[in-house]
Structures are given as structure tokens and as C-alpha cells.
Amino acid sequence: MTGTLRLWLASCFLMASIASAAVRTERMDENTSRDWVRHLVPLPKQIELAGQVLVPADQIVVVAEGESHALVSQAVKELVEAIGAEHSSAAAEKFTVKLRVGGPLAERLTVLPHADQAYTIGREEDGNGLLLVGGGPRGVYYAAKTLQQFIRAGRKGDTIALPAANIVDWPDMEDRGLWGGDSYNHLRWMSDRKLNYDEQIAHNGVDANKRPVINLGGGKRKIIDEGPTYGINPVPVVLHLEQLSGSGLFDAYPELRGKDGRAGSICYSNPLFVNILAEWLLLWRAEPGVREVDVWMAENLQGEKGCQCDDCRREDRNVLEARAIVAAWRKARETQPDLGIRILTSEETEKSNPRIFSELPTEVKIWYYHSLWTYNASEKPMIRPYLAELAARGRWVGVCPNLCANVGTWHPFTCPQFVHYRINEFVDKKLSGFIGYAVPRLAHVRFNTEAAAEWLWNAKGRSPREFAISYAVREGYAEPKLFADWVEAHGPVAWDIYGSDFPAGHQRDFPGKLAILLREGKVPNLGEELWEVYPLPWGDIKTPEQLADDVARADRAVKIAEQMQIPQYLHESRVTQGYIKALEALWTLKALVRNGMVSASDKLKATEAFAAYAAGLEQARTALADWEPTVGPAEEGVPPWVNKPRKLLETMIEEMNALARDLGCMAGG
Ligand SMILES: [Zn+2]
6 MTGTLRLWLA
16 SCFLMASIAS
26 AAVRTERMDE
36 NTSRDWVRHL
46 VPLPKQIELA
56 GQVLVPADQI
66 VVVAEGESHA
76 LVSQAVKELV
86 EAIGAEHSSA
96 AAEKFTVKLR
106 VGGPLAERLT
116 VLPHADQAYT
126 IGREEDGNGL
136 LLVGGGPRGV
146 YYAAKTLQQF
156 IRAGRKGDTI
166 ALPAANIVDW
176 PDMEDRGLWG
186 GDSYNHLRWM
196 SDRKLNYDEQ
206 IAHNGVDANK
216 RPVINLGGGK
226 RKIIDEGPTY
236 GINPVPVVLH
246 LEQLSGSGLF
256 DAYPELRGKD
266 GRAGSICYSN
276 PLFVNILAEW
286 LLLWRAEPGV
296 REVDVWMAEN
306 LQGEKGCQCD
316 DCRREDRNVL
326 EARAIVAAWR
336 KARETQPDLG
346 IRILTSEETE
356 KSNPRIFSEL
366 PTEVKIWYYH
376 SLWTYNASEK
386 PMIRPYLAEL
396 AARGRWVGVC
406 PNLCANVGTW
416 HPFTCPQFVH
426 YRINEFVDKK
436 LSGFIGYAVP
446 RLAHVRFNTE
456 AAAEWLWNAK
466 GRSPREFAIS
476 YAVREGYAEP
486 KLFADWVEAH
496 GPVAWDIYGS
506 DFPAGHQRDF
516 PGKLAILLRE
526 GKVPNLGEEL
536 WEVYPLPWGD
546 IKTPEQLADD
556 VARADRAVKI
566 AEQMQIPQYL
576 HESRVTQGYI
586 KALEALWTLK
596 ALVRNGMVSA
606 SDKLKATEAF
616 AAYAAGLEQA
626 RTALADWEPT
636 VGPAEEGVPP
646 WVNKPRKLLE
656 TMIEEMNALA
666 RDLGCMAGG
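Just so we're aligned, residue 6 is where the sequence shown starts under the numbering used here, counting upward by one.
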């Protein structure tokens, strides 16, 4: 717990003396106070609890003062829903919850970072109510979110226990959100955790009449229809610019097709593309609540070039692309001066990023993305020095990292240590935004996503352990501290495994298939990472001691999970334990297989190790299938997401068994 939680026991007595007869005030000890705060996510920056009041639900009145704002009305609506009772006019007593934007009490908020999102909660002077003040409408909305968490935790029949709280709170990072996945189905869930941003890939095309058209299909449209209601900024995406082939762009305007370049590349020397992009931007700006568009730069030309016309080939393709985006934005701003623009980088643009950024107008917001460098679970810094320098100089720089173990090869990954590490790096380096990739579905990564919401708001508040306890309290787990013990045993092992890209990295060409590497004596050393991007199989496990410690932790995690009796975490523990035991066996084998052979004296030991490797992977394979249904019901017609890693493990087992047979080390063979 942080030092910001202080108890004002003395003031409890004062409060008791001035509160009305109908509202009973109880004194609060330190443990009760800590329990209350564990119901909050994220943890407020400054919070003091001075006793608690017991209020009949039908005596609570929620009032918004001053000018009306949609978000303040929504705050009132959500509070009334949480209270679950209309104020009864027959009730003699009233407990008033007042909401206010600005005013004298908001002055202290104006000096805080992101003041429009900041808020205070305090007691009314007569002790018979609470006053929620926001630096802006969103601040009021967030004050109401905090109070809703207290109300839901404090409900006892028709009475609600409420802590007499003094809170001053503000976020560390301006934009906190997600992109893709099914996040559009969880906007209220996101907003309850004070996330405020969602972006989705949109269709930006040209129709048969050569007119630019836009569309946000299926559920993704919810970011526009519902996002602003919940204080979530909806941002449509113009997909990676080399991937517009299916959009009708080249059918309508074949002259825009890049000359002799990679299929899909665009000729940026033809001003026509700027006009079309500007039209798309304006069409989006016309949608309710849309103020910005994110244009994703080309992701991967796979070693090929962009347009090779006389004008394009003289300049860096990435720089030309950035100039085209800026030109389109400027053109659109002639009609819509408040239109905002973001660009998302890629591995294709990485080498040109410093030059692109030096040319970009300061209003252009930058999302840093790189398919290898921002999509990984490795325990190493993600923000390159040139980006950190840019952010330190005050430029708007955000990042697009994954919250899952691996993008594409789905695994359970309950790991606050990982999320805490990542987000503290981002906050320390003064990043302004975060769009997490919570996939395949938010349900699969709910814990890590909530952890992201926690630390994006308050990076220096809770420790990973304290967050785990608070999560367990909010989820209603029987033994929150036991859950935290499990997280502490399990998290570091899972992080070491997935940070090493095991087993997903086995699908890449580098460093190669483990059975082949083993036969050829080329299995990397512990801690090795090929070209700083391919850590398979144990780049994040630096020493034999760390490996042994991970094995012991994984065993402990399984035991704690058995005690907890929450199937989700038991299956997850078994996945992790299976993997780390397989890696332990591989480490043994690396010493025993020499020049493609195993000596006669090592045969027995090697046979056991080959069997342990296969058994570990088989355990993980089984546990993956058991785990997935525990995160929620399967969607109709969607095969299990864990089919991919399970198929991969099957192949890895077969390949290693084949080597074992060749070396005369197959158990029972
Ligand atoms: Zn060209």
C-alpha cells in the first residue's frame, strides 16, 4: 500500500457529531480502510478515508450542477444505476452526491497533468453528502466511476456503506486504450477502468463511381456509436498504406499504382492520392464524436521497394509516405480546422523514423509500432533512445504493445510483473499514449488489461502483488492473498517463457527448429538472443540458477493453484509448468547430444530427458485445451483459439521424438 492512504480517525468523531440521525457514521480502522481501497481500480493518486457512513439507498440524491455536459449526465445515470434506487421524496433525510465541472474547488486540479481528466471527491460540509468535482466533464465522469466502485462494494441490502473519502486523482498518461480484437464489445468495461481510447481498422475505399467511401463494419462501429458516451475517443484507422489493394483504389485510379514496386505500393508523387486520403479524413471527421484519424504507414514491403517512378525513386519511400499523409491532413484541415491526425510507424519505417519525425508538424501524434520490437513479452526496454528523446522534448509519442503472451499463438498469461514493467518504462519515458493489443479476445487477457488500466493511470501506486490482491478482492476470490502468492510464484516463470518467445518462436525461421539445432549442436546458450530479436528458446533465462528457480516456482504455483481451486489458474499453472520442465529437459539434452550423437554412458539420462521434454509439452497441450473454456463461453462457429499452439506443440513433440529415435534414446523404443 502506498503512503497516500492515510487515516483521519480524529475526524470520524467530528463527522459523527454533525451527520444527521438517518445517516450513521462508523469509525474505520486501518484494515477496513485498506479493504475499501482494494475495490478501486485504478488506485487513486491521493486518497484519505475518514470513517464510513451507512446510508439508506433511497435517501441518496444525485445532482449535477451548472452547465450540462453529456459525460456529466452519463455520470449521473451510472451513479443512479449503481445505487439501484430512486430517491424517495417521502424520505425525510437526504444524502446528496453533487457533481460539478470546474469552480473554485477545481483550481487545485488545474496544475495537475491532464487536468481535464482530474477530479476530487470530498465531503459536503454538513457531512450529509459528497462533492465530486472534475477539471473537465471527463474528470467528473471519472469521479463518478470511483464512487460507483465504492457503492457496488458497500451495498448491504437497502443500505449502502460509503467511505467518507477525500480523493485527488489524475492520470499519468493522457490516452489509455486498446485497438482491435473485440475491445469494441467492452467499451463500458474499459471506461469503468478509466480507459479512454479505442481504435479500429476501418474500410477506406473508392467506389465504382470513383468516389472515396468509408465504413466501420460490424461491431467495430460501436466505438463511434457508444464510445463517446463512455468517455472513449473513437479513432478509425486507415490501414497500412501498402494494403489498400482491395479497397477499389487502384481499380478507380490505376495511375496510383506504384511503378515497378512491391504490389500494393502507391505512387506518392501523384497528388491524386493526397486528395483521396484527405476525402477519407473528412468523411471520418463528419462521423459523430470522431475528431482524429490514425493512418498506419506501410508495414512490410518484404525487401521490395516502393514506387520507382522518376520522382519517387529519388527519395526515401517512408519519408514520401509521411509527407503524403501530412499533405492530406493539411488539405482536410482547410475544411475542418480541428481535425487531428496520428500516424502509426512499422518495421518498414523504423530506419526512417528519426527523419520522418524531424519533418512532422508537432500536432501530428506518433504511435510507435514495430511487429517484432513492440509485439513481444521480452524483459527489455521497448522505447528506443530516439523515441525517448523525442518524448522528453514534449512531442506526443505513444506506443502499441501486446498485452498477451504472443500475438497469434495464444496462451494464458496472468502476469502483472510484465505489465508493471512495460508501463513504468512508458511513463518514465514520458509517453503520452498507449494502445494495447488485448487479443485474441479481451476475455483471454482480462487480468493483464485491467493491470494496464491500473498503471497507465497510476504507475507508481500499487506493486504487482498489491494489484493482484486488489484484483482478487474485486473478483470476489475467497483468498486474495493466496491468489497474490500464486501470482508471485507463477508470473516470473511465465514471463521468462513467453519473453523467450517459447514456444511461438518455433514457427519462425530463426534461430531454427529445436530438434535440428540440438542434432547440430547449435542450441543457443541460456540468455542468448539471435540478432536481438529471436530469443528462442531461453533468451530471458540467463543462468542455470534462474532456470532451476523457475522450475521450483512453477511447481509451487501448481500447488497454490490446487489450493485456490480456481480452475482457470490451475490450468494456466500446468501450461507454464509443462513448458519450463520441457526447457529444463532441453538444457540437459544440450549437454548430452554432441556431434549428433549421445555417448553410451549418457543414453539413459538422454532418454529420460527426451521423455521429459515431450511430457512437458504434452502437459501444456492438454492444459491449454482445459484452460480456454474457463475464460468464458466459446463464440459460435469460432474454433478454439488455442488450436494453433496445440498444433505447434504436436509438431515440436514429433520432431524431438524423431531425433530421440535416431539417437537411440526413445523411451520404450
Ligand atoms: Zn511514384
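Every residue, glycine too, gets a C-beta built ideally from N, C-alpha and C. Predicted model, so just to flag it, every value in this text is computed and none were measured.
- Here the residues close to ligand 1, judged by CB distance below 5 Å to any of its heavy atoms, are C272, S274, C312, C314, C317 in chain order.
- The closest CA to that of Y124, considering only L487, L137, R193, is found on L137.
- DSSP places Q64 in the helix class (H, G or I) of the three-state scheme.
- Under the rule that a run must span 4 or more residues, the alpha helix (DSSP H) segments found entirely inside the region 408-493 read 421-433, 451-462, 469-480.
- Spanning the alpha carbons of E455 and E623 requires a straight line of approximately 31 Å.
- D180 carries a strand assignment under DSSP once its states are collapsed to helix, strand and coil.
- Taking C-beta atoms as the reference points, V369 and I348 count as a pair closer than 8 Å.
- Under the DSSP definition of a beta bridge, E31 partners with Q57.
- Minimum Cα-Cα distance from T593 among the listed residues W632, T30, P529 corresponds to P529.
- Contact check for A625 against V580 passes: the beta carbons are separated by less than 8 Å.
- Residue pairing for G210: DSSP places it in a beta bridge opposite V218.
- Taken in chain order, the unbroken stretches of beta strand (DSSP E) that lie wholly in the region 305-390 and span 3 residues or more are 345-349, 370-373.
- According to DSSP, P276 shares a beta bridge with no other residue.
- Under the three-state reduction of DSSP output, N171 falls in the strand class.
- Around the CB of Q568, fewer than 16 other CB atoms lie within 10 Å, so the residue is classed as exposed.
- Counted as a single uninterrupted DSSP element, the stretch harbouring L552 is not any beta strand (DSSP E) but the alpha helix (DSSP H) occupying residues 549-569.
- Between S351 and N305, the beta carbon gap of about 7 Å places them in contact (Cβ cut-off 8 Å).
- Beta-bridge pairing by DSSP links G544 to no other residue.
- Going by beta carbons, V603 and A611 fall inside the 8 Å limit.
- Boundaries of the beta strand (DSSP E) harbouring D299: 297-301, taken from the DSSP string.
- The DSSP-derived three-state label of M602 is strand.
- By the 16-neighbour rule on beta-carbons within 10 angstroms, Y618 is buried.
- In this structure, G140 is the residue among G140, Q122, E129, Y442 with its C-alpha nearest to the C-alpha of R113.
- DSSP places R157 inside the alpha helix (DSSP H), whose first and last residues are 142-159.
- Under the DSSP assignment, F507 falls outside any alpha helix (DSSP H); it carries neither an H nor an E label.
- In this structure, V81 keeps its C-beta atom at 8 Å or more from the C-beta atom of A169.
- With a 10 Å radius around the Cβ and a threshold of 16 neighbouring Cβ atoms, W536 comes out exposed.
- The beta carbon of V450 is closer than 8 Å to those of L408, C409, F418, A443, V444 in its chain, skipping five residues each way along the sequence.
- Beta-bridge annotation (DSSP): G669 is not paired with any residue.
- Looking at W500, P542, A489, V492, the one whose alpha-carbon comes closest to that of F515 is P542.
- C-alpha of G210 to C-alpha of L286: approximately 12 Å in a straight line.
- At the C-beta level, G621 and A590 come within 8 Å of one another.
- C-alpha of D265 to C-alpha of W372: approximately 30 Å in a straight line.
- Ranking N358, V300, R322 by CA distance to the CA of G345 puts V300 first.
- Spatial neighbours of A333 in its own chain (CB-CB distance under 7 Å, excluding positions within 5 residues in sequence) are listed in chain order as V279, L282, A283, L286.
- Taking 8 Å as the cut-off, the Cβ atoms of G403 and G438 count as close.
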